[in-house]
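Engineer: Below is one structure. I have some questions about it.
2 protein chains.
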Amino acid sequence: MTEKRTALLVVMDGAGDRPIPELGGKTAFQAADTPNFDRLAQTGMNGLMDVIAPGQTPGSDTAHLALFGYDPIDSYPGRGPLEALGAGLDSRPGDVAFRSNFATVDSNLTVIDRRAGRDISPEEGRELQEALDGLQIEDVTVRFVHTVEHRGALVLSGPSLSAEISDVDPHETGKPVLEARPLVPGAEKTARIVNKLVRLSHERLKDLEVNRRRVERGLPPANIILLRGPGKHREVPTLQQRYGIRAAVLAGGALYIGTARYVGMDHIHVEGQTGTIDTNFGNIASKAIETIRQGYNYVFVHIKATDNASHDHNPEQKVLAIERTDAMVGRILDEVADDIVVAVTADHTTPVSVGDHTCDPVPIVLWSDFIRPDSVTAFSEIDAAQGALGHIRGMDVTPLLLGYAGWVPKFGS
Amino acid sequence: MTEKRTALLVVMDGAGDRPIPELGGKTAFQAADTPNFDRLAQTGMNGLMDVIAPGQTPGSDTAHLALFGYDPIDSYPGRGPLEALGAGLDSRPGDVAFRSNFATVDSNLTVIDRRAGRDISPEEGRELQEALDGLQIEDVTVRFVHTVEHRGALVLSGPSLSAEISDVDPHETGKPVLEARPLVPGAEKTARIVNKLVRLSHERLKDLEVNRRRVERGLPPANIILLRGPGKHREVPTLQQRYGIRAAVLAGGALYIGTARYVGMDHIHVEGQTGTIDTNFGNIASKAIETIRQGYNYVFVHIKATDNASHDHNPEQKVLAIERTDAMVGRILDEVADDIVVAVTADHTTPVSVGDHTCDPVPIVLWSDFIRPDSVTAFSEIDAAQGALGHIRGMDVTPLLLGYAGWVPKFGS
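Chain order of the listed sequences is C and P.
According to the numbering used here, the first sequence holds residues 1 to 413 in order.
According to the numbering used here, the second sequence holds residues 414 to 826 in order.
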């Protein structure tokens, strides 16, 4: 009988790269000092991975769906529901969810600031949220949550909703807020609800005490919400339903928490875990160890700092983020190496030279103390090409992890 | 015009492994002295293979369907029909087949011995078989064949049969024989037939002369049959229909013979071929050569001893089984190397440390005197990772073999 273990998936966002001139032509993985990743590479199986498909640049959300074993072509609901779940709004199949910005408009609904100055404090956000959350428009209930700065998530629940409507955000200042229009037959109701809601948000927000104070301090009032990224929550089988496992996510960013919750993972809060280089790697390691020991069968740890450094064209910061993640993984291995099967990888390549996602494959190492080693001796995009995993796809990762961890029953006899 | 050759597929069951401490950290393939496999590896194309899919542990039956080029998800009928075909019972589409055990029950149908002492002789089996084969229950005909020890195969033929019924075997002694229940609407009839059949088998067997003799000798009587592994024979296109080839199987185990017959192979009897290390490797080589010379276009040779050694946690025996297979392949190459394209591989990994199937990929070498060599110099799981075949799936094997052997027409012009 195969022993059952916990599958640990560690994803460094956007960590794949191309040769970086500032690093002597090395990639960030090659330039970083990563004794723990290299030990995994030396004693595990390595490979390159097209997270979606060869040539297809992934988004972070679709990439993670694939890494969790879900075909993003079938299962991607759009960004809205994933952000909403990540913000703690439990959208359900049939709901339509949006990303939301607080913005500043004049009395003609002409956009003056698309982000209302960006600097909405948590206290201000709470007041603004209270004015919007729970609104009822026709037979549709509105749920709203403020997240950070000018951002929030909004969920519409009710019959016959559609995500196929046009944007209300003109994406430019000096232009009026747009009318949402149905993009397909059957979306008329949702467009009407959204148009009523945007106007109602202005009515409810413009005279709030919080905005009076902002104006007094010379700040733009947060007097309307602009919605974007609509998506309809689809029913997908959870990891629990597929494999009979308990799965957990440790992540700082709402999108990653939301994508993991979408496939049924529990969000485990880690004190000090953020989406930046200042995230508390020590706390993440401790909580990951605790989560593994608490009997979770699949633990997903997301590190965002690598992607931020890439978008900022900052190779040194990217190397630093990789080295800190390496140390974090080392701490986890010191404690629970015998209890896990681990994969370390990236969700896509974000070359620091480009500052945006590209289609280049990413390296992956799969390790447990019983897995057959290959000839690879270091963890990087270049070394991984010689590995025994060969060239896999993102959708292979979870079946591989759970197969080696003993959670996939034999097919046939 | 491409010269046509015979495709030879040699499968060592469960032969893939992980590093084995008793063998100095080598796998059985690495530890074994295999001059012939190594010659194939040096002058052929090597690769690693996920027989079903990455992370998916194969059964032997589903693995072989894949190796024969059939998607097991679509074409796997369950074990019953494959065992029945292997036992010489020609099940046909619509038939439902079972694996059968002779068991011992008391007069209340409480199970005393699930295997009736295991030691049913061929002579005893024949008498027992005669009491069951040809029974008619309602409009359903029962065919039964004794195979070895307490084992047999049983086929139900008639209208509207289903394999979706629950087990009658309580899988414990001291418990009564269970009532088969329909697991889906429409399976009621089959459950009823099976319940009648099991009770009827007791009536027909309990007073047989063979059982009176067994009781006199202090042996448990074989006084009932317990059925398991029901499966409905599905229509699949044969290899002949797909490729216009004549295919043959040389195997010792009923399951492998049956799976090969399911896709249209002829079973070629080899004197002394068994499912153990004592199988007559010399006779298998001679018969394989003869079968190739007789104009078969596809010859499948199955060696079971590697898997038995693995299930028994016996690395030395596994190495021995590999070395004997290597010598067998050497003899075949000596005679017909110019006439064949050969693939040597395993159907799955059964680590001696685990004693059960696992999801680790297996090595494969594809050779003919015209195939492009790669840089691999030995046949093993570790070496094969560097091969030119890359990382393939089980379903690629038959197309590759038949493609190189000249049996797959050009697609397009």
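Cβ atoms here follow ideal geometry from the backbone N, Cα and C, with glycine treated the same way.
Because the structure is a prediction, the values reported are computed rather than measured.
Does the distance from the CB of Ile777(P) to the CB of Ala791(P) come in under 8 Å?
Structural biologist: The count along the second sequence starts at 1 and reaches residue 777(P) at position 364. The count along the second sequence starts at 1 and reaches residue 791(P) at position 378. Result no, Cβ atoms of Ile777(P) and Ala791(P) do not sit closer than 8 Å.
Engineer: Mind listing the chain P neighbours of Tyr404(C)? Cutoff is C-beta to C-beta under 9 Å, in chain order.
Structural biologist: Position 404 of the first sequence, counting from 1, holds the residue named residue 404(C). Going along chain P in sequence order, the residues near Tyr404(C) (Cβ under 9 Å) are Gly468, Thr771, Cys772 and Asp773.
Engineer: Against Asp474(P), what residues of chain C qualify as contacts under a CB-to-CB distance less than 8 Å, listed in chain order?
Structural biologist: Here residue 474(P) is taken as the residue at index 61 of the second sequence, counted from 1. Per Cβ cutoff of 8 Å: Gly412 and Ser413.
Engineer: Put Arg564(P) into one of helix, strand or coil per three-state DSSP.
Structural biologist: On the second sequence, residue 564(P) is found 151 positions in, with the first residue counted as 1. Reduced to three states, the DSSP call for Arg564(P) is strand.
Engineer: Can you tell me whether Gln317(C) is helix, strand or coil according to DSSP?
Structural biologist: Start at 1 with the first residue of the first sequence, and residue 317(C) comes out as number 317. The answer is helix: DSSP assigns Gln317(C) an H, G or I state.
Engineer: What does Ile795(P) reach in chain C if we use C-beta pairs closer than 9 Å?
Structural biologist: Position 382 of the second sequence holds residue 795(P). The contacting residues are Arg372, Pro373, Asp374, Ser375 and Ala388.
Engineer: Candidates Pro589(P), His477(P), Val742(P) and Asn514(P): which alpha carbon is nearest Trp780(P)'s?
Structural biologist: Taking the second sequence and counting its residues from 1, one reaches residue 780(P) at position 367. Checking every option, the nearest Cα to that of Trp780(P) belongs to Val742(P).
Engineer: Please report the Cβ distance between Met49(C) and Arg393(C), rounded to the nearest whole angstrom; I am assuming they are in contact, meaning their Cβ atoms lie under 8 Å.
Structural biologist: By 1-based counting over the first sequence, the position of residue 49(C) is 49. By 1-based counting over the first sequence, the position of residue 393(C) is 393. Yes, they are in contact, since the Cβ atoms of Met49(C) and Arg393(C) sit about 7 Å apart, within 8 Å.
Engineer: Any idea what DSSP makes of Gly23(C), helix, strand or coil?
Structural biologist: In the first sequence, the residue the question calls residue 23(C) occupies position 23. Looking at the sequence shown, residue 23(C) is not Gly but Leu. In the structure shown, Leu23(C) sits in a helix (DSSP, three-state: H, G or I).
Engineer: For the beta strand (DSSP E) containing Ala31(C), name the first residue and the last one.
Structural biologist: Sequence index remark: in the first sequence, residue 31(C) carries index 31 (1-based). Careful: Ala31(C) lies outside any beta strand (DSSP E), inside the alpha helix (DSSP H) at Ala28 to Ala31.
Engineer: Strictly below 7 Å CB to CB, what residues from chain A border Pro434(P)?
Structural biologist: The question asks about chain A, but that chain is absent: this structure's protein chains are C and P.
Engineer: What residues from chain P crowd round Pro237(C), counting only those whose CB sits closer than 9 Å?
Structural biologist: Residue mapping note: residue 237(C) aligns to position 237 of the first sequence, counting from 1. What Pro237(C) touches in chain P: nothing, since even the nearest Cβ is about 17 Å away.
Engineer: Looking at chain C, which residues of the region 666-688 of chain P have a Cβ within less than 7 Å of any of its Cβ atoms?
Structural biologist: Listed by position along the chain: nothing, the set is empty.
Engineer: Helix, strand or coil for Gly395(C) per DSSP?
Structural biologist: Position 395 of the first sequence, counting from 1, holds the residue named residue 395(C). For the sequence presented, residue 395(C) should be read as Met rather than Gly. Correct three-state label for Met395(C): helix.
Engineer: Can you look up Ala797(P) in the DSSP assignment and give me helix, strand or coil?
Structural biologist: Within the second sequence, numbered from 1, the residue matching residue 797(P) stands at position 384. Helix.
Engineer: Here's a check: name, in chain order, each residue in its chain whose Cβ is nearer than 7 Å to the Cβ of Gln730(P), leaving out the five neighbours to either side.
Structural biologist: Along the second sequence, read from residue 1 onward, the residue named residue 730(P) stands at position 317. Within the same chain, Gln730(P) has close Cβ partners Ile690 and Ala722.
Engineer: Consult DSSP for Tyr483(P) and reduce its assignment to one of helix, strand or coil.
Structural biologist: Looking up residue 483(P) in the second sequence gives position 70. Three-state DSSP puts Tyr483(P) in coil, outside helix and strand.
Engineer: Using beta carbons (cut-off 8 Å, strictly below), is Ile392(C) in contact with chain P?
Structural biologist: For the purposes of this step, residue 392(C) is taken as residue 392 along the first sequence, with counting starting at 1. At least one chain P Cβ lies under 8 Å of Ile392(C).
Engineer: Identify the continuous beta strand (DSSP E) that holds Lys232(C) and give its terminal residues.
Structural biologist: Numbered from 1 along the first sequence, position 232 holds the residue referred to as residue 232(C). Segment Ile224 to Lys232, the beta strand (DSSP E) holding Lys232(C).
Engineer: Going residue by residue through the region 492-580 of chain P, where are the continuous alpha helix (DSSP H) segments of at least 4 residues, counting only ones entirely within it?
Structural biologist: Whole alpha helix (DSSP H) segments, 4+ residues: 492-499 and 535-545.
Engineer: Span of the alpha helix (DSSP H) holding Phe370(C)?
Structural biologist: By one-based count along the first sequence, residue 370(C) stands at place 370. No alpha helix (DSSP H) holds Phe370(C); DSSP gives it neither H nor E.
Engineer: So, is Ser504(P) buried or exposed, given that buried needs 16 or more other C-beta atoms within 10 angstroms?
Structural biologist: Position 91 of the second sequence, counted from the start, is the residue given in the question as residue 504(P). Buried: at least 16 other Cβ atoms inside 10 Å.
Engineer: What residues of chain P sit near Val344(C), judged by a beta carbon separation below 8 Å?
Structural biologist: Stepping through the first sequence from its first residue, residue 344(C) is reached at position 344. Chain P residues near Val344(C): none, gap ~17 Å exceeds 8 Å.
Engineer: Under 6 Å Cβ to Cβ from Asp326(C), same chain only, skipping five residues before and after it: list those, please.
Structural biologist: Along the first sequence, read from residue 1 onward, the residue named residue 326(C) stands at position 326. The residues are Thr34, Asn36 and Phe37.
Engineer: Run through the DSSP bridge pairs and tell me what His715(P) is partnered with.
Structural biologist: Within the second sequence, numbered from 1, the residue matching residue 715(P) stands at position 302. According to DSSP, which records beta bridges pairwise, His715(P) is partnered with Val424(P).
Engineer: Run through chain C and tell me which residues come within less than 7 Å of Pro448(P), C-beta to C-beta.
Structural biologist: What you label residue 448(P) is simply residue 35 of the second sequence in a count that begins at 1. Neighbours of Pro448(P) on chain C: none; closest Cβ ~23 Å, over 7 Å.
Engineer: Report yes or no: is there a C-beta of chain P within less than 8 Å of the C-beta of Val408(C)?
Structural biologist: In the first sequence, counting from the first residue as 1, residue 408(C) sits at position 408. Interface residue, yes.
Engineer: Are at least three pairs of beta-carbons, each pair with one atom in the region 253-266 of chain C and one in the region 56-72 of chain C, less than 8 Å apart?
Structural biologist: Yes, since at least three Cβ pairs between the region 253-266 of chain C and the region 56-72 of chain C fall closer than 8 Å, the two stretches touch.
Engineer: My output table needs one value for Met462(P): the three-state DSSP class, helix, strand or coil.
Structural biologist: Working through the second sequence from its first residue, we reach residue 462(P) at position 49. Looking at Met462(P) - three-state DSSP - the assignment turns out to be strand.
Engineer: Along chain C, in chain order, which residues have C-beta atoms closer than 7 Å to that of Leu569(P)?
Structural biologist: By one-based count along the second sequence, residue 569(P) stands at place 156. Going along chain C, no residue has its Cβ under 7 Å from Leu569(P), so there is no contact; the nearest lies around 20 Å.
Engineer: So, do the region 641-650 of chain P and the region 484-500 of chain P have three or more beta carbon pairs nearer to each other than 8 Å?
Structural biologist: Yes, the region 641-650 of chain P touches the region 484-500 of chain P.
Engineer: Identify each residue in the region 69-100 of chain C for which the Cβ-Cβ distance to at least one residue of chain P is less than 7 Å, and report them in chain order.
Structural biologist: Residues passing the 7 Å Cβ filter: none.
Engineer: Mind listing the chain P neighbours of Leu400(C)? Cutoff is C-beta to C-beta under 7 Å, in chain order.
Structural biologist: In the first sequence, counting from the first residue as 1, residue 400(C) sits at position 400. Pro467 and Gly468, listed in chain order.
Engineer: Considering only DSSP beta bridges, list what Phe37(C) is partnered with.
Structural biologist: Here residue 37(C) refers to the residue found at position 37 of the first sequence. Answer is none; Phe37(C) lacks a bridge partner.
Engineer: For Arg99(C), which option in Ala187(C), Glu216(C), Ile382(C) and Thr147(C) has the closest C-alpha, if you only look at C-alpha atoms?
Structural biologist: Within the first sequence, the letter at position 99 stands for residue 99(C). Nearest option by C-alpha distance: Thr147(C).
Engineer: Going by the beta-carbon positions, is the gap between Ala405(C) and Ile332(C) smaller than 8 Å?
Structural biologist: Along the first sequence, read from residue 1 onward, the residue named residue 405(C) stands at position 405. Along the first sequence, read from residue 1 onward, the residue named residue 332(C) stands at position 332. For Ala405(C) and Ile332(C), no; Cβs fall outside 8 Å.
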